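Colleague:
In this note's numbering, the protein residues as written are 1 to 425.
1. For residue 223, collect the residues of the same chain with a Cβ closer than 7 Å to its Cβ; drop the 5 residues on either side in sequence, then sort them by chain order.
2. How about residue 21 and residue 153: do their beta carbons lie closer than 9 Å?
3. Where does the unbroken beta strand (DSSP E) through residue 143 begin, and where does it stop?
4. Report the start-end ranges of each beta strand (DSSP E) in the stretch 148-215 that is 3 residues or longer and not cut off at the edges.
5. Can you check whether the CB of residue 380 is closer than 9 Å to the CB of residue 339?
6. Please determine, among 401, 259 and 159, the residue with the shortest C-alpha to C-alpha distance to residue 361.
7. For the putative contact between residue 116 and residue 89, defined by C-beta atoms under 8 Å, what is the C-beta separation to the nearest angstrom?
8. So what does DSSP say about residue 81, is it helix, strand or coil?
9. Of the choices 310, 273 and 309, whose alpha-carbon is the least far from that of residue 292?
10. Compute every distance between the C-beta of residue 66 and the non-hydrogen atoms of the ligand NAD, then say whether any falls below 8 Å.
11. What are the uninterrupted segments assigned as beta strand (DSSP E) that are 3 or more residues long and contained completely in the stretch 316-340, given in chain order?
12. Closest to residue 194 by C-alpha separation, out of 221, 176, 145 and 203, would be which residue?
13. Determine whether the beta carbon atoms of residue 408 and residue 370 lie at a separation below 9 Å.
14. Which of the three DSSP states, helix, strand or coil, is assigned to residue 87?
15. Taking DSSP as the reference, what is the three-state secondary structure of residue 410?
16. Would you tell me roughly how many angstroms separate the C-alpha atoms of residue 244 and residue 165, rounded to the nearest one?
17. Evaluate residue 54 with the Cβ neighbour count: other Cβ atoms within 10 Å of its Cβ, from every protein chain shown; 16 or more gives buried, anything less gives exposed.
18. Within the continuous alpha helix (DSSP H) that includes residue 71, where are the two ends?
19. For residue 258 and residue 280, I'd like the C-alpha separation in whole angstroms.
20. Please name the residue in 399, 298, 269 and 299 whose C-alpha comes closest to that of residue 286.
21. Helix, strand or coil: which one does DSSP assign to residue 18?
22. In or out: residue 275 buried (at least 16 other Cβ within 10 Å) or exposed?
23. What span of residues does the alpha helix (DSSP H) with residue 358 cover, start to end?
24. Would you call residue 49 buried or exposed, if buried means 16 or more other Cβ atoms sit within 10 Å of its Cβ?
25. In chain order, what residues of the same chain have a beta carbon less than 6 Å from the beta carbon of residue 59, not counting five sequence neighbours either side?
26. For residue 359, does the count of other Cβ atoms within 10 angstroms reach 16, so buried, or fall short, so exposed?
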């Protein structure tokens, strides 16, 4: 039996991607198929992943199953709205379903998705939660034959769209960094997974039949020509309070494509060209540029606030990019051309969470590397005024690191950094 034939039986499909990349549109199109059903976002693993081992053990304890599991499902929310209500289910039906299954996270999620599909009279279920992009290893472990479909979109259009959402930053630059970070975390797992595929939002809206045929073939279903027409009746994919998804049931739109050309500042476009060059090239988007130089901004390379957003834009003006992720080991830091410390003291601790002896060794290596840089006159800059209070002021390792910065780094103001590490424009 081939992959497509095996998938036809009952294997689920997961639609993942960065928010505002077209996950809702794709889910609505698929849910219009006579055999496929997709409910609203469950956000199940986005919440479950934060439980510690003891909490998970309590939920999955056979002697008390399904009580704690039911409590967890009842606690799930989407913008304050109970997930159970959004799935149009009641807790007694969920309890009965769980009681018929052995304890597992898969059974917990399926108490939502399977019941929703049954009520819709559909044979197979789809789950769409964008943040599950970061947990595809968990999805694969629990559903070995599931199909995982990642949809991508021009990150500049994503960043502009996210800026108007209640669950994202107003900062376009911050949203560009978020797209890059999520892509780096998930890319290797998606590309190595033979039961995962990727499609572009732009291709879906310009060539919907071609792309839907490709997806249907991948998940082992026959393409149904009227999927596009029936999309308006695909129930439950977007909740009533999710006003930003209102267009999902209307005609396919191409007006949001290349919005960044009209609405994104020149500085932000240049930042995207450097910061997301790999993403742009991999998915066939225009505008990628190679940076003239790179610097390490530690420990906050993946965090963007009002302070370092200005710095990132100025570095981009000078064709300089920031190394991502932020180097975290003494030897990785020593390899960097430019090294700028910006953030909370203590985040850099290379031995955090490790035995005391190893912490001492790693801290000594870090100190030795910083001293070597100082003797070689390689820049070590510390934006002290932008550094927040120490996280663990009584910790000996953190105190030593703060002392090393005071002795070996050059204390500068934020606006001085580009001239010192990137040179002229």
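Beta carbons are placed, not taken as given, at the ideal position from N, Cα and C, and that holds for glycine.
Here the structure is a predicted model, which is why all the values come from computation and not from measurement.
Modeller: In terms of the structure at hand:
1. What you label residue 223 is simply residue 223 of the chain shown in a count that begins at 1. 212, 213 and 216.
2. Against the chain shown, residue 21 aligns to sequence position 21. Against the chain shown, residue 153 aligns to sequence position 153. Contact flag set, yes.
3. On the chain shown, position 143 is the one that residue 143 refers to. Run containing residue 143: none; DSSP gives neither H nor E here.
4. 196-200
5. The residue given as residue 339 occupies position 339 in the chain shown. The residue given as residue 380 occupies position 380 in the chain shown. Yes, Cβ-Cβ distance for residue 339 and residue 380 is below 9 Å.
6. Locating residue 361 in the chain shown gives position 361, where the first residue counts as 1. Answer by Cα proximity: 401.
7. Numbered from 1 along the chain shown, position 116 holds the residue referred to as residue 116. Numbered from 1 along the chain shown, position 89 holds the residue referred to as residue 89. So it is a contact: roughly 7 Å between Cβ atoms.
8. In the chain shown, counting from the first residue as 1, residue 81 sits at position 81. In the structure shown, residue 81 sits in a strand (DSSP, three-state: E or B).
9. Within the chain shown, numbered from 1, the residue matching residue 292 stands at position 292. The candidate whose alpha carbon is nearest that of residue 292 is 273.
10. Questions concerning the ligand NAD fall outside what the structure shown contains, since it holds no ligand whatsoever.
11. 320-322
12. Position 194 of the chain shown, counting from 1, holds the residue named residue 194. Closest by alpha carbon: 145.
13. By one-based count along the chain shown, residue 408 stands at place 408. By one-based count along the chain shown, residue 370 stands at place 370. Yes, the pair counts as a contact, with Cβ atoms nearer than the cut-off.
14. Here the question's residue 87 lines up with position 87 in the chain shown. Correct three-state label for residue 87: coil.
15. On the chain shown, position 410 is the one that residue 410 refers to. Note: residue 410 maps to strand in three-state DSSP.
16. Within the chain shown, the letter at position 244 stands for residue 244. Within the chain shown, the letter at position 165 stands for residue 165. Below a pLDDT of 50, predicted positions are generally treated as unreliable, and residue 244, at 40, falls in that range; the measurement from the model is reported next regardless. Each residue's alpha carbon lies about 8 Å from the other.
17. Your numbering for residue 54 matches position 54 in the chain shown. So residue 54 counts as exposed.
18. Mapped onto the chain shown, residue 71 falls at position 71. Per DSSP, residue 71 belongs to the alpha helix (DSSP H) from 67-75.
19. Position 258 of the chain shown, counted from the start, is the residue given in the question as residue 258. Position 280 of the chain shown, counted from the start, is the residue given in the question as residue 280. If you take the alpha carbons of residue 258 and residue 280, they lie about 13 Å apart.
20. In the chain shown, residue 286 corresponds to position 286, counting from 1. That would be 269, whose Cα lies nearest to the Cα of residue 286.
21. Numbered from 1 along the chain shown, position 18 holds the residue referred to as residue 18. Residue state, collapsed to three classes: coil.
22. Start at 1 with the first residue of the chain shown, and residue 275 comes out as number 275. Buried, by the Cβ-count rule.
23. In the chain shown, the residue the question calls residue 358 occupies position 358. Segment 356-375, the alpha helix (DSSP H) holding residue 358.
24. Within the chain shown, numbered from 1, the residue matching residue 49 stands at position 49. Under this definition residue 49 is an exposed residue.
25. Here residue 59 corresponds to residue number 59 of the chain shown, with the count starting at 1. Counting only Cβ-Cβ distances below 6 Å, and skipping sequence neighbours, we find 68, 69 and 72.
26. Along the chain shown, one-based indexing puts residue 359 at 359. By the neighbour-count rule (16 or more Cβ atoms within 10 Å), residue 359 is buried.
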